[in-house]
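A.B. asks:
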Amino acid sequence: MNNMVEIRWHGRGGQGAKTASLLLADAAFNTGKYIQGFPEYGPERMGAPITAYNRISDTPIRIHSNIYEPDYVVVVDDTLLESVDVTAGLKEEGAIVINTTKDGEELKTLLKGYKGKVYTIDARKVSIETLGKYFPNTPMLAAIIKVSKIMNEEDFIKDMEGSFKHKFAKKPEVIDGNMKALKMALNEVKEVK
Amino acid sequence: MSIRERLSGNEAAATAMKQINPDVVAAFPITPSTEIPQYFSTFVDNGMVDTEFVAVESEHSAMSACIGAEAAGARAMTATSANGLSLMWEMIYIASGMRLPIVMSLVNRAVSGPLNIHNDHSDAMGVRDAGWIMLFSETNQEAYDNLLMAHRIAENENVLLPLMVCQDGFITSHSIENIELLEDEKVKEFVGKYIPKHYLLNEKEPVAMGPMDLQSFLFEHKYQQAEAMRNAKQVILDVAKDFEKLTGRKYGLFEEYRLDDAEIAIVCMNSTAGTTKDVVDILREKGIKAGLLKVRVFRPFPAEEIAKALSHVKAVAVLDKADSLNGAGGALFTDITSAMQVNGVQVPTSSYIYGIGGRDTTTKEIESVFNDLMEDSKKEKIENPYRYLGLRKE
Chain A
1 MNNMVEIRWH GRGGQGAKTA SLLLADAAFN TGKYIQGFPE YGPERMGAPI
51 TAYNRISDTP IRIHSNIYEP DYVVVVDDTL LESVDVTAGL KEEGAIVINT
101 TKDGEELKTL LKGYKGKVYT IDARKVSIET LGKYFPNTPM LAAIIKVSKI
151 MNEEDFIKDM EGSFKHKFAK KPEVIDGNMK ALKMALNEVK EVK
Chain B
1 MSIRERLSGN EAAATAMKQI NPDVVAAFPI TPSTEIPQYF STFVDNGMVD
51 TEFVAVESEH SAMSACIGAE AAGARAMTAT SANGLSLMWE MIYIASGMRL
101 PIVMSLVNRA VSGPLNIHND HSDAMGVRDA GWIMLFSETN QEAYDNLLMA
151 HRIAENENVL LPLMVCQDGF ITSHSIENIE LLEDEKVKEF VGKYIPKHYL
201 LNEKEPVAMG PMDLQSFLFE HKYQQAEAMR NAKQVILDVA KDFEKLTGRK
251 YGLFEEYRLD DAEIAIVCMN STAGTTKDVV DILREKGIKA GLLKVRVFRP
301 FPAEEIAKAL SHVKAVAVLD KADSLNGAGG ALFTDITSAM QVNGVQVPTS
351 SYIYGIGGRD TTTKEIESVF NDLMEDSKKE KIENPYRYLG LRKE
């Protein structure tokens with residue numbers, strides 16, 4: 001239990017936060033970990049706020065409840081910062097990763113004095129440059145791997161290539177773009193000082 | 001060597017069904033079990049199973065098709081949840097009354113109304129007296145394992161009863177977790193071929209099935225069903241023993257977690273048992289002798305065995321994920337207290353209704369129950385046995 005990492009995802013329906021949490025679970029599983037990846041289902045509508053969760057551990061996971069004191073929080077859509085208490089219960093020794101172009105000052109107000117580390121990434125820029133469309137979940141997945149260090153980046157990239165080949169077997173043309181998005185995102189995520 | 005995988009509870013159930021490769025699957029989609037027939041129909045389409053998949057127009061027809069298939073001599077399976085099970089209700093009793101060993105995957109969800117798609121056990125509790133064997137599963141692994149054991153229990157000639165494997169909707173059905181799978185050939189060998197003794201398509205033995213059964217015989221036939229349910233207990237244990245030889249995973253009528261020297265104990269079913277195990281460990285580190293009894297076999301109800309397992313504790317809390325709305329505690333509570341009374345076990349026992357309509361149950365809430373039990377254990381008689389956990393008071 002002591003080595004368990006708990007992650008909470010905040011996104012909007014249709015942005016792929018659930019898929020990202022499942023891909024993260026997959027990647028950690030492939031490094032030999034015990035994993036949970038589950039969404040909190042509410043009314044499933046495009047644009048509605050959704051929450052998804054990950055638990056990653058070296059030992060079997062028995063708990064079956066939502067995560068209230070996460071080690072990390074990922075915010076896939078920064079418009080949620082105004083309506084959802086994204087840092088609720090977030091550990092101060094943990095971190096929050098936000099898809100945003102807002103600067104540190106602005107974020108400080110929105111995060112209501114959260115004292116842990118804050119990281120940002122412009123997932124829209126990464127996604128548009130690599131995929132030509134706005135799919136923020138792939139860059140955010142890379143960002144949380146970088147910040148949480150739950151696996152090393154090389155293993156992650158190698159593993160994701162396999163996952164994408166499987167996931168996109170019927171549309172292989174998107175694999176390259178997604179791989180580029182991951183690699184670019186690893187470099188783009190920055191700590192807000 | 002088993003196969004290390006990660007699957008949701010629904011994927012686990014569909015995988016078990018694929019490996020069992022039944023003759024017939026008839027199902028109608030309903031949240032949160034929809035994925036099971038959805039995945040299974042792709043297995044059919046891809047030629048991975050030989051099953052006749054019957055896409056029916058309602059759950060009443062799904063169960064009717066399973067009844068027809070089993071009566072004809074085939075092995076039939078289905079999956080459903082909540083209102084789907086409600087719509088099957090008429091046929092549920094006919095399946096057990098005709099002694100047809102149909103196997104169902106029930107992904108537990110609140111029965112309407114008001115409309116709610118999330119987990120509780122009101123669907124299962126609504127059919128607890130319908131003559132079906134009912135196995136509950138804490139995890140995706142247990143949902144898979146219970147399905148692999150299901151046919152050997154249900155089809156045993158001393159049993160011949162339908163069987164449902166329950167798991168918590170969304171909480172396990174939609175959560176991706178680690179799981180150990182068996183190889184296809186091993187499942188095939190373990191489950192074995194279904195050889196029905198009496199069946200409609202046997203031209204050498206013309207039989208009537210489901211005819212009128214009035215004053216002169218129905219009573220005896222119902223008694224035989226009850227006897228079959230009593231017989232099922234030993235069969236369930238025998239099959240579990242074989243399963244343990246194959247997998248190393250041990251199953252009983254219930255699981256005792258740090259219960260042998262416990263002074264206070266929680267009784268519950270399905271996924272909450274996992275959360276409770278974590279809390280038991282935390283309390284044990286503080287020197288508090290907490291324990292858990294997780295019911296796996298709810299029907300037949302292992303009354304004598306449970307009473308014995310709880311006889312040494314000083315206070316018990318029974319957690320029911322469905323309110324019987326009778327003003328006197330949940331269904332599991334009633335069964336547990338009845339078992340204790342009949343077997344001469346006098347332990348202060350309280351009922352907690354919890355988790356209704358998908359209300360999340362946290363470690364803190366489970367800990368609060370154990371705190372209540374510590375107080376209860378000091379008393380001869382408790383004043384307020386009908387309690388609620390996680391209910392908003394405002």
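Just so you know, the protein sequences line up as chains A and B, in that order. Under the numbering used here, the first residue of the first sequence carries the number 1, and numbering increases by one thereafter. Under the numbering used here, the first residue of the second sequence carries the number 1, and numbering increases by one thereafter. Every residue, glycine too, gets a C-beta built ideally from N, C-alpha and C.
Cα separation between residue 1/A and residue 220/B?
C.D. replies: Here residue 1/A scores only 46 on pLDDT, less than 50, and its place in the model is too uncertain to base an answer on.
A.B. asks: If we call anything under 7 Å between Cβ atoms a contact, is residue 246/B one with residue 190/B?
C.D. replies: The answer is yes: Cβ separation under 7 Å.
A.B. asks: Can you tell me the Cβ-Cβ gap for residue 377/B and residue 308/B, rounded? I've got them flagged as a contact below 8 Å.
C.D. replies: 19 Å between Cβ atoms; not a contact.
A.B. asks: Return the residue from the list 310/B, 311/B, 351/B that minimises the CA-CA distance to residue 328/B.
C.D. replies: 351/B
A.B. asks: If you draw a straight line from the alpha carbon of residue 240/B to that of residue 37/B, how long is it in whole angstroms?
C.D. replies: 26 Å
A.B. asks: Thinking C-alpha only, which one of 126/B, 225/B, 75/B, 6/B is nearest residue 325/B?
C.D. replies: 126/B
A.B. asks: Helix, strand or coil: which one does DSSP assign to residue 48/B?
C.D. replies: Coil at residue 48/B, not helix or strand.
A.B. asks: When the distance is taken between beta carbons, is residue 143/B closer than 7 Å to residue 137/B?
C.D. replies: yes
A.B. asks: For residue 99/B and residue 181/B, which I take to be in contact (beta-carbon distance under 8 Å), what is that distance rounded to the nearest angstrom?
C.D. replies: 31 Å between Cβ atoms; not a contact.
A.B. asks: Return the Cβ separation of residue 58/A and residue 34/A in integer angstroms, given the expectation that the two are a contact with Cβ distance under 8 Å.
C.D. replies: 7 Å
A.B. asks: Please report whether the beta-carbon of residue 80/B lies at a distance below 7 Å from any beta-carbon of chain A.
C.D. replies: No, because no Cβ of chain A sits closer than 7 Å to the Cβ of residue 80/B.
A.B. asks: I need the straight-line Cα distance from residue 349/B to residue 19/B, nearest angstrom please.
C.D. replies: 42 Å
A.B. asks: Pick helix, strand or coil for residue 280/B, following the three-state DSSP scheme.
C.D. replies: helix
A.B. asks: Quick one: is residue 11/B buried, meaning 16 or more other Cβ sit within 10 Å of its Cβ, or exposed?
C.D. replies: buried
A.B. asks: So if I threshold CB-CB distances at 8 Å, which residues from the segment 173-205 of chain B count as touching chain C?
C.D. replies: No chain C appears in the structure shown, which is made up of the protein chains A and B.
A.B. asks: Less than 6 Å separating the Cβ of residue 315/B from some heavy atom of the ligand PLP?
C.D. replies: With respect to small molecules bound, the structure shown includes none, and the ligand PLP cannot be examined in it.
A.B. asks: Expressed to the nearest angstrom, what Euclidean distance is found between the alpha-carbon atoms of residue 92/B and residue 253/B?
C.D. replies: 23 Å
A.B. asks: Using a Cβ-Cβ distance cut-off of 7 Å, determine whether residue 62/A contacts chain B.
C.D. replies: yes
A.B. asks: Quickly, what does DSSP pair residue 10/A with across the bridge? List them, please.
C.D. replies: 51/A, 75/A
A.B. asks: Below 7 Å CB to CB, which residues in the same chain sit around residue 393/B once its five sequence neighbours on both sides are set aside?
C.D. replies: none
A.B. asks: What residue range does the beta strand (DSSP E) around residue 349/B cover?
C.D. replies: Its beta strand (DSSP E) spans residues 349-354.
A.B. asks: Note down, in chain order, every chain A residue with its Cβ under 7 Å from the Cβ of residue 15/B.
C.D. replies: What residue 15/B touches in chain A: nothing, since even the nearest Cβ is about 16 Å away.
A.B. asks: List, in chain order, every chain B residue whose beta-carbon is nearer than 7 Å to that of residue 15/A.
C.D. replies: Neighbours of residue 15/A on chain B: none; closest Cβ ~18 Å, over 7 Å.
A.B. asks: Helix, strand or coil, according to DSSP, for residue 337/B in the structure here?
C.D. replies: DSSP, read as helix, strand or coil, puts residue 337/B in helix.
A.B. asks: If we call anything under 7 Å between Cβ atoms a contact, is residue 160/A one with residue 182/A?
C.D. replies: Yes, Cβ-Cβ distance for residue 160/A and residue 182/A is below 7 Å.
A.B. asks: Which two residues bound the contiguous alpha helix (DSSP H) that contains residue 10/B?
C.D. replies: Counting along the chain, the alpha helix (DSSP H) containing residue 10/B begins and ends at 9-20.
A.B. asks: Comparing alpha-carbon positions, which option in 367/B, 202/B, 112/B, 77/B lies nearest residue 322/B?
C.D. replies: When each option's Cα is compared against that of residue 322/B, the closest is 112/B.
A.B. asks: When you compare only the Cα positions, how much space is there between residue 47/B and residue 40/B?
C.D. replies: 11 Å
A.B. asks: Can you give me the C-alpha to C-alpha distance between residue 124/A and residue 177/A, rounded to a whole angstrom?
C.D. replies: C-alpha separation (whole angstroms): 14 Å.
A.B. asks: Since residue 134/B is in the beta strand (DSSP E), which residue starts that stretch and which ends it?
C.D. replies: 133-136
A.B. asks: Three or more beta-carbon pairs under 8 Å between the segment 328-342 of chain B and the segment 281-290 of chain B, yes or no?
C.D. replies: no
A.B. asks: In angstroms, rounded to a whole number, what distance separates the CA positions of residue 82/B and residue 123/B?
C.D. replies: 5 Å
A.B. asks: Using a beta-carbon distance below 7 Å, is residue 34/B in contact with chain A?
C.D. replies: no
A.B. asks: What residue from 49/A, 165/A, 101/A, 67/A has the CA that sits closest to residue 194/A's CA?
C.D. replies: Outside the shown range of chain A, which is 1 to 193, sits residue 194/A, and nothing can be said about it.
A.B. asks: Only counting the same chain, and skipping five residues up and downstream in sequence, which positions put a Cβ closer than 6 Å to that of residue 158/B?
C.D. replies: 231
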